[in-house]
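Here the structure is laid out as structure tokens; the discussion comes afterwards.
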Amino acid sequence: MVFVSGLFRDIISVRLSRQNSALILCIVAYMVAESYYLYGRFASHESDLTLYYSTAVHLLEGQVPFRDFKLEYPFFALIPIVIPQLFNGLTGGGFYTYSFWLVLQNMLLGLAIGVLIYKTAKLNKKIAVYKYLVILIFSLPVFLYRLDPFPAFLTIFAIYALVSKPFTSGASLMVSIGAKLYTIIFLPVIGLFYLINQRHKAAIMSFMGGLLVLLLAFAAFFLMEENGLRDFLTYHQSRGIHLESFLGGLLLLLYQFGIASVEVKHSYGAMHLVTPWTDELLFIVKVITPICFAALVIFIGWTFRQQRLVEKEVSILSLIHACTAQLLLFLLLNKVLSPQYMVWLLPVIPFCNSRIFLIFTAALMLTVFIFPGEYHYLIARHISMVLVLNLRNMLLIWLLFEVLYAFRRMKRAQ
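Here's what the structure looks like:
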């Protein structure tokens, strides 16, 4: 609480310039409009919220996930699903009050992310927080109604505690992996950070923290039928090409020119594309993905090594840029790119330069415009929304190269 009060005291004490005053007025106007927009588009989130609610009810009734009821999420995703129902049960509420508690939980997580960004940033703390507040506001139509703020919070907490509390950092990162899986891509980057900085003791402590959480997770799976974990992984491997993915956007664009036959089908709780080439395209992506990630990890390791030679240490800022690049590559190569995936970038973008921040903000606004904005037009394969989707995806590619460029130059700038 001391850190929170200090943060707001610093923000309030800043003398508002004419430009800052105009920016604040624009944000307030946007929030008013967005409040109406959020209310009007609530139905777009009901299917996911209903799934969260039923899962929480089943679990608190004593049922076991994967055995007594199907669970579409990793095991630790139950944490942000169940907590709102604990408060909801105390008030005797139903589905809509559960949604209220989930929104409140995400608002608190959003505040906590901002505090950790402030505490992690070495320079320009206030600017980093301002950037975060802007992109948080733009992300609200998705941020408030999904589970993704939870792993996003764990990510920035793991980064914040990386050096001073490595055991806690490792445990936090492993919980985030058990909640959403995607943060597993940070493991080689963090390993390189420890190795090149010769922080061997911290690396061991971080490993022990992660191992403890992993053992707890496996112990929990023993309570379920033995194929529960396998069924969960098979469920996600069986998914096709997501409508909003980079590959999906290209297929929809080819469809507009009469080159590809594309149908939209609802499966696995989302919209996927059905084409005669689906299996072949997914095989190609499966082959090139590990090659691209291996190349990126090699580049990150080499850049870390160069920075170590010049600066005597790899900085946390450099690590954050490396993780951002890893995450963007994952989004672009993944066969699924849901709008809530943009929430994963909220804790790291504020540490990047203004150009990266502006590109991401534009991509985020287009994402929200697509869903929950005009998603029905995209499902109908309307040319306008197909172009918006591909513009968003092109911005993500541009963003990746900008992050890599900033990361490469960092050793000379610091």
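For the sequence shown, my numbering begins at 1 and goes up steadily by one.
Every residue, glycine too, gets a C-beta built ideally from N, C-alpha and C.
Keep in mind it's a predicted model, so treat the numbers as computed, not measured.
Measure the Cβ-Cβ separation of residue i and residue j and say whether it is below 9 Å.
i, j, result
"Ile190", "Phe351", "no"
"Val336", "Arg408", "no"
"Leu144", "Lys180", "no"
"Phe193", "Leu162", "yes"
"Gly110", "Ala171", "no"
"Leu333", "Tyr341", "no"
"Asn424", "Pro149", "Since the first residue shown for the chain is 1 and the last is 414, residue 424 is missing from the structure and cannot be characterised."
"Gln76", "Val175", "According to the sequence provided, residue 76 is Phe. The question's Gln does not apply to it. A contact, by the Cβ cut-off of 9 Å."
"Gln326", "Phe293", "yes"
"Ile113", "Ile156", "yes"
"Leu71", "Leu78", "yes"
"Val314", "Gln307", "yes"
"Glu244", "Leu86", "no"
What does the alpha-carbon distance come out to for the pair residue i and residue j?
i, j, result
"Ile196", "Leu319", "12 Å"
"Thr275", "Thr168", "46 Å"
"Arg381", "Val310", "51 Å"
"Tyr268", "Arg199", "43 Å"
"Tyr458", "Leu391", "The chain is shown only over 1 to 414; residue 458 falls outside these bounds and no answer can be derived."
"Leu90", "Pro84", "10 Å"
"Leu215", "Tyr182", "19 Å"
"Gly373", "Leu387", "15 Å"
"Ile379", "Ala270", "11 Å"
"Pro448", "Val115", "Missing from the structure shown is residue 448; the chain here goes from 1 to 414 and no further."
"His58", "Ala219", "20 Å"
"Ile284", "Pro65", "34 Å"
"Gly301", "Pro290", "16 Å"
"Val213", "Phe221", "13 Å"
"Lys312", "Thr303", "13 Å"
"Thr278", "Val287", "14 Å"
"Arg67", "Leu173", "27 Å"
"Val82", "Val343", "20 Å"
"Leu420", "Ser164", "Because the chain here runs from 1 to 414, residue 420 falls outside it and cannot be looked at."
"Met211", "Leu108", "One detail in the question is off: residue 211 reads as Leu in this sequence, not Met. Cα to Cα, Leu211 sits roughly 28 Å from Leu108."
Could you check how far apart the C-beta atoms of residue i and residue j are, in whole angstroms? I think they sit under 8 Å.
i, j, result
"Leu281", "Ile241", "7 Å"
"Met205", "Pro141", "Contact flag wrong, Cβ pair sits at about 40 Å."
"Val264", "Leu251", "Not a contact, Cβ separation roughly 11 Å."
"Met385", "His321", "Going by Cβ atoms, the distance from Met385 to His321 rounds to 32 Å, so no, they are not a contact pair."
"Ala203", "Gly178", "Contact doesn't hold; Cβ gap of about 20 Å is too wide."
"Asn393", "Gly249", "5 Å"
"Thr120", "Tyr73", "The Cβ separation is near 27 Å, so there is no contact."
"Phe357", "Lys122", "Contact doesn't hold; Cβ gap of about 17 Å is too wide."
"Ser47", "Tyr375", "With 8 Å as the limit, Ser47 and Tyr375 do not qualify as a contact, their Cβ atoms being about 12 Å apart."
"Asn353", "Ala406", "6 Å"
Looking only at its own chain, which residues have a Cβ that is under 6 Å from the Cβ of residue i, when we skip the five neighbours before and after it?
i, result
"Arg15", "Since pLDDT at Arg15 reaches only 49, below the 50 mark, its modelled position is unreliable, and the value read off the structure follows with that caveat. Cβ within range, chain order: n/a, list empty."
"Phe371", "Pro339"
"Ser13", "Unreliable positioning characterises Ser13 in this predicted model, as indicated by a pLDDT of 47, which lies under 50. The coordinate reading is nonetheless provided below. Within the same chain, Ser13 has no close Cβ partners at all."
"Val103", "Leu144"
"Tyr377", "Met385"
"Arg412", "Bear in mind that a pLDDT of 47 at Arg412, under 50, signals an unreliable position, so the number given afterwards is only what the model happens to contain. Correct list: empty, nothing qualifies."
"Ile383", "Gln256"
"Ala158", "Ser169, Ser172 and Leu173"
"Pro80", "Leu147 and Phe150"
"Gln63", "Phe69"
For residue i, I'd like the list of residues in its chain whose CB is within less than 8 Å of its CB, leaving aside the five on either flank, ordered along the chain.
i, result
"Leu328", "Leu345, Leu396, Leu399, Leu400 and Val403"
"Phe299", "Leu404"
"Val422", "With the chain running from 1 to 414 in the structure shown, residue 422 is simply not present."
"His266", "His272"
"Leu7", "Its pLDDT being 48, under 50, Leu7 is placed unreliably in this model, and the coordinates cannot settle the point."
"Arg355", "Glu402"
"Phe207", "Gly170"
"Leu49", "Phe95, Tyr98, Ser99, Leu102 and Tyr145"
"Val262", "Leu251, Leu252, Leu254, Tyr255, Leu273, Val274, Thr275 and Arg381"
"Met365", "Phe138"
So, for residue i: in the same chain, excluding its five sequence neighbours on each side, which residues have a beta-carbon less than 7 Å away from its beta-carbon?
i, result
"Cys323", "Phe186, Val189 and Val348"
"Ala260", "Leu251, Leu254 and Thr275"
"Arg305", "Ile196"
Against chain B, with Cβ distances strictly below 9 Å, would residue i count as a contact?
i, result
"Val388", "Looking for chain B here will not work: only one protein chain is present."
* Asked: Three or more beta-carbon pairs under 8 Å between the segment 359–373 and the segment 122–140, yes or no?
  -> With the cut-off at 8 Å, the segment 359–373 and the segment 122–140 touch.
* Three or more C-beta pairs closer than 8 Å, one from the segment 47–64 and one from the segment 89–103: is that the case here? -> Judged by Cβ distances under 8 Å, the segment 47–64 makes contact with the segment 89–103, as three or more pairs qualify.
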